[in-house]
Amino acid sequence: MRKNVLKLNSSWEAVGIIDWTDAVRLIYERKVEVVEIDGTIGTVSGPVDRPSVIVLKKTYKHPHRRLAWSRPGVLRRDNYTCAYCGHKGDKHDMTIDHIIPESRYRAITGGDNPNNWTNTCACCPSCNFRKGNKLLSECGMVFLNPEFKRYNPAGMWELELDKIPEKWEPYLVKRSKVTV
Ligand SMILES: [Zn+2]
0 MRKNVLKLNS
10 SWEAVGIIDW
20 TDAVRLIYER
30 KVEVVEIDGT
40 IGTVSGPVDR
50 PSVIVLKKTY
60 KHPHRRLAWS
70 RPGVLRRDNY
80 TCAYCGHKGD
90 KHDMTIDHII
100 PESRYRAITG
110 GDNPNNWTNT
120 CACCPSCNFR
130 KGNKLLSECG
140 MVFLNPEFKR
150 YNPAGMWELE
160 LDKIPEKWEP
170 YLVKRSKVTV
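For the sequence shown, numbering that gives the first Met the number 0 assigns the number 0 to the initial residue and increments by one for each residue that follows.
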């Protein structure tokens, strides 16, 4: 199964990325309209247009789901760039830093899950080693770019994929950043 169709809600907001077979089912059920196509798919009755972007005809009450935190998602969000020194790596050599260390997260924040979008950032191995189990204030490290914000990418479906099809770009909302 490959997720490769961008789903928009009736107000043309991206709400998910789905497999094209699911998209075809929605088309047959007349729940969506096709907005963009991308080549064709061979079927027993000949080639048919392959959907690339679809829009729901009706508004559904809860079209949003929060994008689950993931290491690859954090690296994509931060463009594989270390938040502390600016080193740009790739998915094989970059690590994730927990800004409030995992082992101290509960004591400091009262929260249970240090693996969240605002407590993590892309980090090169040497900065990660240097920071270790410390808070930024304890090791004298700062974000290289003072404007750096760890945003919660709710609705930023493109973080699920390595590469975004060009045809999707007009439909993806601009990233909104939140301060923590
Ligand atoms: Zn670094």
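Beta carbons are placed, not taken as given, at the ideal position from N, Cα and C, and that holds for glycine.
Query: R1, DSSP secondary structure in three states; Result: coil
Query: Any non-hydrogen atom of ligand 1 within 7 Å of S125 CB; Result: yes
Query: Check: C84 C-beta below 7 Å from any heavy atom of ligand 1; Result: yes
Query: Outcome for S51 when other beta-carbon atoms lying within 10 angstroms are tallied against a minimum of 16; Result: buried
Query: Cβ contact check for the region 93-104 and the region 68-84: 3 or more pairs under 8 Å; Result: yes
Query: Spatially closest choice to V23 from N3, D111, N132, by CA coordinates; Result: N3
Query: Option nearest P46 by Cα separation, candidates D18, D37, L135; Result: D37
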